[in-house]
Amino acid sequence: MIARELMTGNVVAINSHEELITAVQLMIDHGFRHVPILEGGSLKSIITALGAINGIINNGVNALKEPVAKHGSDKFIIASPDDDAVMVIKKMLNNNVDAALILRDNDLTGIITERDVVSKMPEQLFIKYRVHEVANKSPICINEEVTLRTAMETMISHGIRHLLITEQDKLLGVISVKDILKHVIKYYKLRGQVDLNITISKLMSHNPVTIDSGASLIDAIKLMRRNNISSLPIVEMGKLMGLITEHDIVKNMIK
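So in this note's numbering, spot 29 of the sequence shown is number 186, and the numbers just go up one at a time.
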């Protein structure tokens with residue numbers, strides 16, 4: 158399999174002078190976590206969902222009106238459409254990045270993310286695994302009284318896109334970077350400001366999709382696809398046992 162078979166084509170990109178809010182709205186509208194930034198038609202950097210969150214933490218919600226280039230990152234790799242797909246995935250993991258931008262003659266022709274890998278790689282690569290073999294047994298958890306600001310800071314400090322809200326070992330809900338950005342954009346457009354001190358209980362998902370630790374990895378992938386999500390809390394007899402994400406799946410697939 159080569160990169161062009163794995164990539165998403167017709168890449169949605171943004172010009173470097175456009176505002177951060179435009180990039181965030183593109184992420185929300187298209188279900189993306191990455192938007193390449195172009196300058197003069199050439200690739201400059203990339204803005205990620207976590208990068209947007211970090212900008213808001215550091216500069217307040219007024220960061221949304223700043224040029225997106227200010228918040229861009231060089232945390233991506235570049236590959237050719239004809240590169241071996243597995244080698245591209247290994248390079249992503251080795252460089253601790255979750256996106257590969259595909260260029261042909263310096264033109265951006267596609268992007269490969271962890272979602273592309275999980276959705277498009279042959280099922281035979283996953284078939285031997287069970288969820289408990291791949292899952293994170295000690296995911297980052299917070300309580301429902303934590304503020305939105307603290308949740309955002311926790312995501313940034315740990316480099317994660319999902320937080321589990323718990324009371325002892327009981328799962329109460331999930332908050333994702335997508336949930337946070339949707340909330341921020343909604344209230345910024347309505348009021349021109351966003352209260353980052355509200356408790357997370359007001360915007361978390363209260364009935365998240367979960368999975369059993371003994372389920373097959375194929376079942377987990379199908380459940381993620383069906384619900385358009387990138388993580389699944391693992392719950393047994395009402396007790397939280399862990400979390401499985403697209404990143405966990407990709408990492409273990411290449412072992």
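Positions of the beta carbon are idealized from the N, C-alpha and C atoms, including for glycine.
In this structure, does DSSP put residue i in helix, strand or coil?
{"i": "K222", "result": "helix"}
{"i": "N293", "result": "strand"}
{"i": "G395", "result": "coil"}
{"i": "V331", "result": "strand"}
{"i": "V275", "result": "helix"}
{"i": "T270", "result": "strand"}
{"i": "N172", "result": "strand"}
{"i": "K232", "result": "coil"}
{"i": "S370", "result": "coil"}
{"i": "V407", "result": "helix"}
{"i": "L265", "result": "strand"}
{"i": "S387", "result": "coil"}
{"i": "E280", "result": "helix"}
{"i": "H315", "result": "helix"}
{"i": "L250", "result": "helix"}
{"i": "E324", "result": "strand"}
{"i": "R287", "result": "strand"}
{"i": "L400", "result": "strand"}
{"i": "L207", "result": "helix"}
{"i": "E162", "result": "helix"}
{"i": "D241", "result": "strand"}
{"i": "E196", "result": "strand"}
Quick check on residue i: buried or exposed, where buried means 16 or more other Cβ atoms within 10 Å of its Cβ?
{"i": "R318", "result": "buried"}
{"i": "S333", "result": "buried"}
{"i": "R190", "result": "buried"}
{"i": "D186", "result": "exposed"}
{"i": "S388", "result": "buried"}
{"i": "D273", "result": "buried"}
{"i": "E302", "result": "exposed"}
{"i": "M394", "result": "exposed"}
{"i": "G166", "result": "exposed"}
{"i": "G349", "result": "exposed"}
{"i": "G316", "result": "exposed"}
Confirm, please, whether the CB-CB distance from residue j to residue i is below 9 Å.
{"i": "T323", "j": "I299", "result": "yes"}
{"i": "L260", "j": "V407", "result": "no"}
{"i": "K396", "j": "K327", "result": "yes"}
{"i": "K201", "j": "S237", "result": "no"}
{"i": "I159", "j": "D240", "result": "yes"}
{"i": "G330", "j": "S370", "result": "no"}
{"i": "I246", "j": "I375", "result": "no"}
{"i": "M244", "j": "M410", "result": "no"}
{"i": "A372", "j": "R287", "result": "yes"}
{"i": "E403", "j": "E271", "result": "yes"}
{"i": "P296", "j": "P193", "result": "no"}
{"i": "A257", "j": "M361", "result": "no"}
{"i": "K335", "j": "G198", "result": "no"}
{"i": "I234", "j": "L195", "result": "no"}
{"i": "L380", "j": "V218", "result": "no"}
{"i": "L183", "j": "V168", "result": "no"}
{"i": "I337", "j": "T304", "result": "no"}
{"i": "I401", "j": "N253", "result": "no"}
{"i": "A242", "j": "E162", "result": "yes"}
{"i": "A308", "j": "L320", "result": "yes"}
Round the Cβ separation of residue i and residue j to the nearest angstrom and send it over; I've been treating them as touching at under 8 Å.
{"i": "A206", "j": "L177", "result": "Incorrect: roughly 12 Å between the Cβ atoms, too far for contact."}
{"i": "D405", "j": "V291", "result": "5 Å"}
{"i": "K275", "j": "I204", "result": "Residue identity differs from the one stated: residue 275 is Val in this sequence, not Lys. Their Cβ separation, rounded to whole angstroms, is 22 Å, which puts V275 and I204 out of contact at 8 Å."}
Is residue i near the ligand FMN, in the sense that its beta carbon is under 8 Å from a heavy atom of that ligand?
{"i": "A170", "result": "Ligands displayed in this structure: none; no statement on the ligand FMN is therefore possible."}
Quick check: the region 331 to 346 against the region 167 to 186, are at least 3 beta-carbon pairs closer than 8 Å?
Contact between the region 167 to 186 and the region 331 to 346 is present, with at least three C-beta pairs closer than 8 Å.
Is the region 306 to 313 touching the region 209 to 220, taking contact as three or more C-beta pairs under 8 Å?
Output reads yes: the region 209 to 220 touches the region 306 to 313.
Does the region 266 to 273 come within contact of the region 356 to 374, defined as at least 3 CB pairs closer than 8 Å?
No, they do not touch.
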